[in-house]
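To start, the structure itself, in C-alpha cells.
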Amino acid sequence: MIQISRRSLLALAGASLAPAQQTAPGDARNLAAPGTRTVFPLREWPTREAWEQHAAHLRRRILLAAGIWPLPDKPVLHTRPHNRVNHGAYSSECVLIETWPGLWVAANFYLPVKRAGKVPGILVAHGHWTHGRLENTDNCSTPSLCANLAAQGFAALAYDMVGYNESDQLPHKFGNTPEEQAWHYGPLGVQLWNSIRMLDYLASRDEVDRDRLGMTGASGGGTQTFQLAALDPRLKAVAPVNMISAHFQGGCECENASGLRWSTNNVETGAIAAPRPQLLVAATGDWTRDVPRVEYPAIRKIYGLYGAEDQVTTWQQSAGHNYNLPSREAVYRFFHSVWGDPATPPPTETIGAPSIDSLRARLDERPASALNAAQFFEAWKKRCQNATKTLSVDEKRARLRAIFGLDLPLEALALKDGYLTTAAGWRIPAQLLKEGGKGALLLLSAAGKPAAGPAITTTTLAVKLFERTPDRPVAAQHFLTFNAADPVCRVQDTVAAVTWLRQRSPAQPVEIIASDERASWAATVAQ
Numbered sequence: 429m430i431q432i433s434r435r436s437l438l439a440l441a442g443a444s445l446a447p448a449q450q451t452a453p454g455d456a457r458n459l460a461a462p463g464t465r466t467v468f469p470l471r472e473w474p475t476r477e478a479w480e481q482h483a484a485h486l487r488r489r490i491l492l493a494a495g496i497w498p499l500p501d502k503p504v505l506h507t508r509p510h511n512r513v514n515h516g517a518y519s520s521e522c523v524l525i526e527t528w529p530g531l532w533v534a535a536n537f538y539l540p541v542k543r544a545g546k547v548p549g550i551l552v553a554h555g556h557w558t559h560g561r562l563e564n565t566d567n568c569s570t571p572s573l574c575a576n577l578a579a580q581g582f583a584a585l586a587y588d589m590v591g592y593n594e595s596d597q598l599p600h601k602f603g604n605t606p607e608e609q610a611w612h613y614g615p616l617g618v619q620l621w622n623s624i625r626m627l628d629y630l631a632s633r634d635e636v637d638r639d640r641l642g643m644t645g646a647s648g649g650g651t652q653t654f655q656l657a658a659l660d661p662r663l664k665a666v667a668p669v670n671m672i673s674a675h676f677q678g679g680c681e682c683e684n685a686s687g688l689r690w691s692t693n694n695v696e697t698g699a700i701a702a703p704r705p706q707l708l709v710a711a712t713g714d715w716t717r718d719v720p721r722v723e724y725p726a727i728r729k730i731y732g733l734y735g736a737e738d739q740v741t742t743w744q745q746s747a748g749h750n751y752n753l754p755s756r757e758a759v760y761r762f763f764h765s766v767w768g769d770p771a772t773p774p775p776t777e778t779i780g781a782p783s784i785d786s787l788r789a790r791l792d793e794r795p796a797s798a799l800n801a802a803q804f805f806e807a808w809k810k811r812c813q814n815a816t817k818t819l820s821v822d823e824k825r826a827r828l829r830a831i832f833g834l835d836l837p838l839e840a841l842a843l844k845d846g847y848l849t850t851a852a853g854w855r856i857p858a859q860l861l862k863e864g865g866k867g868a869l870l871l872l873s874a875a876g877k878p879a880a881g882p883a884i885t886t887t888t889l890a891v892k893l894f895e896r897t898p899d900r901p902v903a904a905q906h907f908l909t910f911n912a913a914d915p916v917c918r919v920q921d922t923v924a925a926v927t928w929l930r931q932r933s934p935a936q937p938v939e940i941i942a943s944d945e946r947a948s949w950a951a952t953v954a955q
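Under the numbering used here, think of the first position of the sequence shown as 429, with each following residue one higher.
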C-alpha cells in the first residue's frame, strides 16, 4: 500500500534542509541524451526468453508512442475502387480505402492476370521521394516494383503516406504542438494505423492468400515495414530497404514520436520480425553502409535464438540512398525464395512502369463526409477518451507504467555513498534517515538530505528528485523520442525509491510525504 501525505516537510525534517548539489553527477539521463544520429551500441541477448520479454516491451512502446494503445476498433472497410486497367501480364486499379471513419487513403492494387488459385500479397510502403507511391525515376520506382511483382505472380498494394498525392486530408508533418503531443497525435501513429488497415484490405481480397503476406519499402517506407512487422504477425516475410541502421534512426516526424526509442533503436525493432524471413537491403552511400558487418550480424544473432539464422539475409550495392533497379531485383529474388517456384530461375525486372496517370486516384470518388485535419484531430481525441473509459484498473496501471518507462522491473537497486542507483544508470541523491519501526516513509524534498529534526520512528528515505544539467539538449530535434522529459524522470525516481523501500521492508506499507508539484508525482506513483 502507498499512502500520499502533504504534511509539511519542514515539520518532519526540522527547521531547514541541508544544502544539496543541484544535480546528480553521473546520472545517465543527464550524461547520455541520444538522438537520431547517435551511434548505438548493439546489445546481445543471452536467451530467447530474455529477448522476447524485451520485444514485448518494444511493442508496447511503439503502440504507446503511436497513440494507438489500446488499438482502435476496426469498422468495416469502406473502399472506392476505380480505373481498373489490364496491362497484359498484370492489371492495376485505383482504390480509396477508409482507414478511419472519415479518413481516406489512396492506393493502387496490382494483380497478375494469369493465376492459379490465390496468390501471395505484398504490401508496399513508400519513402520520402517527392511523388510517393507514384515516384517513377531511376533512383526509385514504386510502379515498376509493383508491376513486376504482379507479373511474377504476386498481388501488390502500394499506398500513400499521409499528406502525399491524393491522401491529402492531413499534412505530412504535424504532431509538434503541446496539445498534439499530449494526445500522442502525429504522423507516425496515423501512418502505422493506415498500414494495419492496408494489410486488412490486402488480406480481404479474394485473390490473395492471407497466409502469405509480405511487405517492403525503402527509406521511410522501410521504417513502416519493420514497425508493422514488429506489431502484426500476419506479415510472414519482410524486406526493409536502405533504412535499418545503428547510427541513424530517421529524421522525419513520421518516424519519431515521444517515447518511441527510449533505450532502444531501429535495429532492435527490425529484429522483432524473427524468426520470419527477412531481407536487409543496404547501400554503401547512405546510413546502411555498415549493415553487412554491424546491423546484420546483430539481427542474425537474435534470429539464432530461434535456430533461424538462415531466415535473415542481407544484400548491399555501391550506390546512394535508393530503391533502384538492383535493389528491386534483390527484393524480387527474396520473395521468390520464400514463395516462388524453386524450379524456376530467380526473376529479374522485365517490364516498365504503367502510365502514372492511370494510377492517380480520383478525388471525386472520396465522399463529402471526409474529415479535414482539425476534424480528424477531434475524432482522434474522442477515440482516446472513449478507449480510456473502457480500461480496467489493471489496464490503466499497465498503461501508466509504460508511459513512464516502468513496464520492466527496475534492476540492481542499491543505496551507496548518498545515491540510490539502478542498472539503467540513474543516480538519485538519497539518504536513509532511519531504519526500523513499522511501515516505511519516503520523503520527497527539494534539497535532498534534510538536517536534524524531530525524532523519526520508522524506516525513512529522503530523496532529491531529478534535475537536468544545463547542457541536457532538451531543445534538440526529436529529443523526446529518445529521452524522458524531466517530470517523467521524477516519477521514475519516486518509483525507484518506493521499490527500494519495499525490497527493504516487503510487508510494510509505504507513506510518501510530498508538497508542491512533488505531490502530483507521488500521486501518480500511488496509482
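The beta carbon of each residue, even a glycine, is placed where N, CA and C say it ideally should be.
All values reported here derive from a predicted model rather than from experimental measurement.
**Message:** Considering just the uninterrupted stretch of the alpha helix (DSSP H) at I730, what are its terminal residues?
**Reply:** E723 to G732
**Request:** May I ask you to report which of helix, strand or coil DSSP gives T818?
**Result:** coil
**Asked** Which value, in whole angstroms, describes the spacing of the CA atoms of Q449 and W473?
**Response** Residue confidence is low: Q449 scores 47 on pLDDT, short of 50, so the model does not pin down where it sits. Its coordinate-derived value is still stated next. Cα to Cα, the separation comes out at about 37 angstroms.
**Prompt:** Which first and last residues belong to the alpha helix (DSSP H) in which E607 is found?
**Reply:** P606 to A610
**Message:** Between the alpha carbons of V523 and L908, how many angstroms are there, rounded?
**Reply:** 36 angstroms
**Request:** Jot down the residue ranges of each uninterrupted alpha helix (DSSP H) in the stretch 553-582, minimum 4 residues, whole runs only, in chain order.
**Result:** 570-579
**Prompt:** Near Q803, what residues of its chain come up, given a Cβ to Cβ distance below 8 angstroms and the 5 sequence neighbours on each side ignored?
**Reply:** G530
**Item:** C-alpha distance - L848 paired with R946, whole-angstrom precision
**Value:** 18 angstroms
**Asked** Grouping DSSP H, G and I as helix and E and B as strand, with all else coil, what is H482?
**Response** Looking at H482 - three-state DSSP - the assignment turns out to be helix.
**Asked** Among residues of its own chain, excluding the 5 on either side of A957, which ones have a beta-carbon nearer than 8 angstroms to its beta-carbon?
**Response** Shown here, the chain extends from 429 to 955; a query on residue 957 therefore has no answer.
**Message:** Count Cβ pairs between the stretch 674-686 and the stretch 761-771 that sit closer than 8 angstroms; are there 3 or more?
**Reply:** no
**Message:** Quick check on D792: buried or exposed, where buried means 16 or more other Cβ atoms within 10 Å of its Cβ?
**Reply:** So D792 ends up on the exposed side.
**Prompt:** How do the stretch 654-672 and the stretch 700-719 stand: do at least 3 beta-carbon pairs fall below 8 angstroms, yes or no?
**Reply:** Yes, they touch.
**Request:** Return the chain-ordered list of same chain residues with a C-beta closer than 6 angstroms to the C-beta of N622, the five sequence neighbours on each side being excluded.
**Result:** T527 and V533
**Message:** Just to confirm, is the Cβ distance from L370 to G549 under 8 angstroms?
**Reply:** In the structure as shown, the chain starts at 429 and stops at 955, and residue 370 therefore has no counterpart that could be examined.
**Message:** Our contact map puts V709 next to S755 with C-beta atoms below 8 angstroms; I'd like the distance itself, whole angstroms only.
**Reply:** Going by Cβ atoms, the distance from V709 to S755 rounds to 5 angstroms, so yes, they are a contact pair.
**Asked** Going straight from the alpha carbon of W790 to that of S797, what length do you get?
**Response** A quick correction: the sequence has Arg, not Trp, at residue 790. Cα atoms of R790 and S797: separation of roughly 16 angstroms, rounded to the nearest angstrom.
**Asked** Taking the DSSP output, what are the residues bridged to L843?
**Response** L848
**Message:** To the nearest angstrom, how far is the alpha carbon of Q652 from that of G853?
**Reply:** 31 angstroms
**Asked** Which stretch, first to last residue, makes up the alpha helix (DSSP H) that contains R457?
**Response** A456 to L459
**Message:** Between which residues of its own chain and S595 is the CB-CB distance below 6 angstroms, once the five residues before and five after are set aside?
**Reply:** Excluding residues up to 5 positions away in sequence, V533, A534 and D588 lie with their Cβ nearer than 6 angstroms to the Cβ of S595 in the same chain.
**Request:** Alpha carbon to alpha carbon, how far is G687 from K546? Give it in angstroms, no decimals.
**Result:** 40 angstroms
**Request:** Decide if H749 is buried, meaning its Cβ has at least 16 other Cβ atoms within 10 Å, or exposed.
**Result:** buried
**Message:** Looking at L893: is its Cβ nearer than 8 angstroms to the Cβ of T922?
**Reply:** yes
**Request:** State the DSSP-derived secondary structure class of D921, mapped to helix, strand or coil.
**Result:** Here DSSP, grouped into helix, strand and coil, assigns D921 to helix.
**Request:** Label T565 either buried or exposed according to how many other C-beta atoms from any shown protein chain fall within 10 Å of its C-beta, with 16 as the threshold for buried.
**Result:** Residue environment analysis places T565 among the exposed positions, since fewer than 16 neighbouring C-beta atoms fall within 10 angstroms of its C-beta.
**Message:** Contact defined as beta carbons within less than 8 angstroms: I believe L787 pairs with S632. What is the distance between those atoms, to the nearest angstrom?
**Reply:** Between L787 and S632, the beta carbon gap of about 21 angstroms keeps them out of contact (Cβ cut-off 8 angstroms).
**Request:** In angstroms with no decimal places, state the Cα-to-Cα distance between F602 and S746.
**Result:** 35 angstroms
**Prompt:** Whose C-alpha, out of N567, G591, V552 and A575, is nearest the C-alpha of L627?
**Reply:** Of all alpha-carbon atoms in N567, G591, V552 and A575, the one lying nearest the alpha-carbon of L627 is that of V552.
**Request:** Starting from the Cα of P615, find the closest Cα among K862, G495, R543 and R855 and give me that residue.
**Result:** G495
**Asked** For N514, which beta-bridge partners are listed by DSSP?
**Response** In the DSSP output, where bridge partners are listed per residue, N514 has S519.
**Request:** Report yes if the C-beta distance between V916 and G833 is below 8 angstroms; otherwise report no.
**Result:** yes
**Request:** Ignore the nearest five residues each way along the sequence and tell me which others in D714's own chain have a CB closer than 7 angstroms to its CB.
**Result:** N670, G748 and H749
**Request:** Can you tell me the Cβ-Cβ gap for P498 and A815, rounded? I've got them flagged as a contact below 8 angstroms.
**Result:** Taking C-beta atoms under 8 angstroms as the contact rule, P498 and A815 qualify, at a distance of about 6 angstroms.
**Request:** Take the Cβ of T570 as the centre, count every other Cβ of all protein chains shown within 10 Å, and call the residue buried at 16 or more, exposed below.
**Result:** buried
**Asked** Ends of the beta strand (DSSP E) at L861?
**Response** R855 to K862
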